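Numbering (full-length UniProt numbering), first residue to last: 1 to 279.
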């Protein structure tokens, strides 16, 4: 018998899906695989579309995990939260690897369809903006690209009114005996958290005696691990854009590489990085 003769039904596999849930039905593959609509005849436009669509799918999962982790931390359920944060790090590991695929597209190949993008640009991604807000980088100016979309604006405004992931971690630490500065705990959560010396000294206590504060120590390292992957993703974004378009302006009107390099300077959890210097 050759492999082509094998019939899985002979071992009980279901092959009649006229009235049953199939793989394609469950995953809504008709909708997903029918969502690629190149606007040019350029061969590489399909790569560009799928790269960004899959990134949005991974970001949807990242939001799902980060939001659940934040809720768990607010309920003092730290172990499940750490599992979710570890998963988000792996998500961004996947996203980092995806840049390698996009970098197979050369500048001349991209120019064949770039004009079809119009003014669309990745910085307009509502899911990316939601991730930034959720993590604490709450730049209100970035609401403007979504002002035309009432639903997205409402979603982002609701996130701004909610304590960030790091806010909840600092509150958790305070509840567990690691005294955090009162102004930090009572600050306007709509604004971006900025470096605070008192928070730094609190984390110093944890890092100088991890065996005494193991839960907070492990959680802090999960945050650092995630931000490490997130920074790499931003860096890979910069290098990919520079490799493909050089220093041209972005399609959305940003400075392109110069704009992306500015994003590399953002620290999501500043005290967790700077505590290493004072140990």
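The beta carbon of each residue, even a glycine, is placed where N, CA and C say it ideally should be. Quick caveat, the model's predicted, so the values are computed rather than measured.
Proximity of residue 48 and residue 92 at Cβ, strictly below 9 Å: No.
Coarse secondary structure for residue 76, derived from DSSP in three states: In this structure, residue 76 counts as coil in the three-state DSSP scheme.
Exposure of residue 173, with buried meaning 16 or more beta-carbon neighbours within 10 Å: It counts as buried.
Residue range of the alpha helix (DSSP H) that includes residue 103: Counting along the chain, residue 103 falls outside any alpha helix (DSSP H), and DSSP gives it neither H nor E.
Three-state secondary structure assigned by DSSP to residue 15: In the three-state DSSP reduction, residue 15 falls in the coil class, being neither helix nor strand.
4-residue-minimum alpha helix (DSSP H) runs that sit fully inside the region 149–210, ordered along the chain: Inside the region 149–210, DSSP marks whole alpha helix (DSSP H) runs of 4 or more residues at positions 150–160, 165–175, 182–185 and 197–208, from first to last along the chain.
Pairwise C-alpha distance: residue 4 and residue 11: Residue 11 and residue 4: Cα-Cα distance of roughly 15 Å.
Helix, strand or coil at residue 37 [DSSP, three-state]: DSSP places residue 37 outside both helix and strand once states are collapsed to three, so it counts as coil.
Residue environment, residue 23, which counts as buried when at least 16 other CB atoms sit within 10 Å: Exposed.
Through-space distance from residue 266 to residue 142, alpha-carbon basis: Looking at the two C-alpha atoms, the distance is approximately 15 Å.
Distance between residue 129 and residue 151 (C-alpha atoms, nearest Å): For residue 151 and residue 129, the distance between alpha carbons rounds to 14 Å.
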